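K.L.:
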Amino acid sequence: MALQKRDLIFVAIMIAVLGTFFLISGQEKTTRVPFDNIHQKYYPIIRNEGKKAGEKFCKECHTEEKIPFPPKHPPKFRCLFCHKLTEH
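Residue numbering for the sequence shown follows numbering that gives the first Met the number 0, starting at 0 and increasing by one per position.
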């Protein structure tokens, strides 16, 4: 059972697609949620009840008045989608 030309083309396309994903994945650019006195009390909530349960508390401090978001920051209701917990 020999490989046909179309099989080789398919394999080449798959390698190109996977290689592209690998190359653009790069290093994580978002900051992690610090494990400090302010944030550490939310870690058990996030681990036990999930990200959405923990995200309810982000807006208590992260507002335009207290800790503003940088320009071009994406929607503010899914914090833990990008910002991962710090390993401790």
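Glycine residues also receive a C-beta, built at the ideal position from the N, C-alpha and C atoms. Model, not experiment: these values are computed from the prediction.
Less than 8 Å between C-beta atoms, sequence neighbours within five positions excluded: which residues of the same chain meet that for F76?
P.N.:
Numbered from 1 along the sequence shown, position 77 holds the residue referred to as residue 76. So the qualifying residues of the chain are E54.
K.L.:
Using the rule of at least 16 other Cβ atoms within 10 Å of the residue's Cβ for burial, across every protein chain shown, is C88 buried or exposed?
P.N.:
What the structure shows of the chain is the stretch from 0 to 87, and residue 88 is not part of that stretch, so it cannot be assessed.
K.L.:
How many Å lie between V137 and F21 at the Cα?
P.N.:
An answer regarding residue 137 cannot be provided, because it is not within the stretch 0 to 87 covered by the chain.
K.L.:
Going by DSSP, what residue range makes up the alpha helix (DSSP H) through N47?
P.N.:
Here residue 47 refers to the residue found at position 48 when the sequence shown is read from its first residue. Y42 to E48 is the span of the alpha helix (DSSP H), which, as asked, contains N47.
K.L.:
Going by the CB atoms, is the gap between H72 and F34 shorter than 7 Å?
P.N.:
One-based indexing of the sequence shown puts residue 34 at position 35. One-based indexing of the sequence shown puts residue 72 at position 73. Cβ atoms of F34 and H72: not closer than 7 Å.
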